[in-house]
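Take the sequence shown: its letters are residues 14 to 305, numbered as in the working numbering.
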Amino acid sequence: MIARLLLIAMLLTGLAAPGHAGERSADIAGLAVSIWSPDAALRGPLPLLVFSHGFHGCATQSRFLMQAFAAAGYLVVAPNHRDATCDGHFARLFSAPEGPFRRPDLWTDATYRDRADDIIDLLSALRSDSSYAASVDWTRIGLVGHSLGGYTVLGLGGAWPAWRLPGIRAVLALSPYALPFVIRHDLSGLSAPVMYQGGSLDYGLTPTIEKPAGAFALSARPKYFVDIAGAGHLAWACVGRADTRPAITAYSLAFLDRYVKGAAPASLLTQIGPGVARLAFNSELGVSAGSR
14 MIARLLLIAM LLTGLAAPGH AGERSADIAG LAVSIWSPDA ALRGPLPLLV FSHGFHGCAT
74 QSRFLMQAFA AAGYLVVAPN HRDATCDGHF ARLFSAPEGP FRRPDLWTDA TYRDRADDII
134 DLLSALRSDS SYAASVDWTR IGLVGHSLGG YTVLGLGGAW PAWRLPGIRA VLALSPYALP
194 FVIRHDLSGL SAPVMYQGGS LDYGLTPTIE KPAGAFALSA RPKYFVDIAG AGHLAWACVG
254 RADTRPAITA YSLAFLDRYV KGAAPASLLT QIGPGVARLA FNSELGVSAG SR
């Protein structure tokens with residue numbers, strides 16, 4: 014049922030409002046890639062964020078968030094993975110997932126390995142391209158992913174040791190499908206700082222993050238969990254509720270600015286702000302009540 018809703022909603026995501034200035038498309042490493050750049054007045058080298066979309070989503074599914082990242086001074090790149098549909102690949106809409114979402118015990122580090130390879134190949138191609146190599150600060154890279162994209166970036170952050178991508182400064186997992194790691198009671202390989210975001214109406218995946226033996230509890234510090242009030246699973250896509258976006262954006266930037274840019278910590282990292290139902294953290298900034 015969840016997968017079916019995702020299919021319909023992600024198709025609609027492709028009909029979201031057109032992009033603004035600073036967004037462009039390119040073919041890089043054989044991938045259709047969407048790119049968001051900061052204002053021209055911001056000179057490089059710039060911190061880099063790579064976004065991985067959800068199952069049957071696409072690179073532009075979370076445009077509002079990518080635009081906010083670019084406005085904050087990040088270069089953002091997002092590939093269309095093989096399962097992408099909403100950027101015109103509608104024929105893929107009814108393709109089955111590579112692994113059944115209801116059987117996370119069957120998932121291994123071979124499941125959706127192509128997604129990891131997409132990001133590895135994309136970064137390699139960017140490093141080799143003179144138009145990007147000098148404009149990116151390669152010591153400041155963060156990964157962001159929604160749903161199956163959350164699974165992807167957790168794996169690249171080390172949750173699947175065979176996928177580990179060196180040099181990642183932070184992993185932002187937005188309502189991630191983390192069950193393949195949770196059922197193994199093992200996220201010990203995840204070495205980068207992580208922020209999980211879930212929603213009070215995200216009944217399918219948020220409980221797998223916040224439960225006592227969930228993804229947050231299993232992750233090493235520094236780690237954060239933000240429960241966005243009123244957010245369902247698609248709140249992080251452009252078809253989601255617009256009133257959840259300020260909190261999503263504010264907490265995402267507070268985390269990324271701290272761990273990718275190396276900025277001073279924002280108060281939001283230890284305080285429940287507007288639009289947030291719950292905040293848990295265990296980091297150099299302290300430990301929230303009940304966190305471990």
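The C-beta atom is built at its ideal place from N, Cα and C for all residues, glycine as well.
Can you tell me whether residue i is helix, strand or coil according to DSSP?
i	result
W49	strand
Q210	strand
G286	coil
R37	strand
A293	strand
R271	helix
V166	helix
L281	helix
A73	Ala is not the amino acid found at residue 73; the sequence shown has Thr there. Here T73 sits in coil by DSSP.
F114	coil
P92	strand
A104	With a pLDDT of 46 at A104, under the threshold of 50, the modelled position of that residue is not reliable, and the figure given next carries that caveat. It is helical.
L178	coil
Y145	helix
L136	helix
G243	coil
W151	strand
V300	strand
L192	helix
L266	helix
L78	helix
R305	coil
Looking at the strands, I want to know which residues DSSP matches up with residue i.
i	result
H159	L187
A83	None, per the DSSP bridge assignment.
F64	V157
K236	V207 and N295
L59	V149
L218	The partner list for L218 (beta bridge, DSSP) is empty, contrary to what the question assumes.
L44	I41
When burial is assigned at 16 or more other CB atoms within 10 Å of the CB, is residue i buried or exposed?
i	result
S143	exposed
G171	buried
P302	The sequence shown places Ala at residue 302, rather than the Pro named in the question. It is exposed - the Cβ of A302 has fewer than 16 other Cβ atoms within 10 Å.
H198	exposed
Y216	exposed
S75	buried
D131	buried
R153	buried
R182	buried
G168	buried
D96	buried
T121	exposed
A104	Confidence is the limiting factor: at A104 the pLDDT is only 46, short of 50, which leaves the residue's position unreliable and the question unanswerable from this model.
When you compare only the Cα positions, how much space is there between residue i and residue j?
i	j	result
A290	G162	24 Å
W176	A39	25 Å
L59	R140	13 Å
L200	A233	8 Å
H69	P92	13 Å
R128	H94	6 Å
A123	F64	20 Å
F294	A138	35 Å
W173	A260	30 Å
L231	Q210	15 Å
W249	Y237	17 Å
A81	A72	15 Å
S280	F268	10 Å
Taking C-beta to C-beta, are residue i and residue j nearer than 8 Å?
i	j	result
V195	V166	no
V149	L62	no
P235	S296	yes
A271	F77	Note that residue 271 is Arg in the sequence shown here, rather than Ala. Cβ atoms of R271 and F77: not closer than 8 Å.
A228	A191	yes
P110	L119	no
G253	S213	no
V46	G155	no
H159	G35	no
A263	G286	yes
I48	R37	yes
G7	I241	Limits of the chain in this structure are 14 at one end and 305 at the other, which puts residue 7 out of reach.
T283	L266	no
P206	Y164	no
H246	L218	yes
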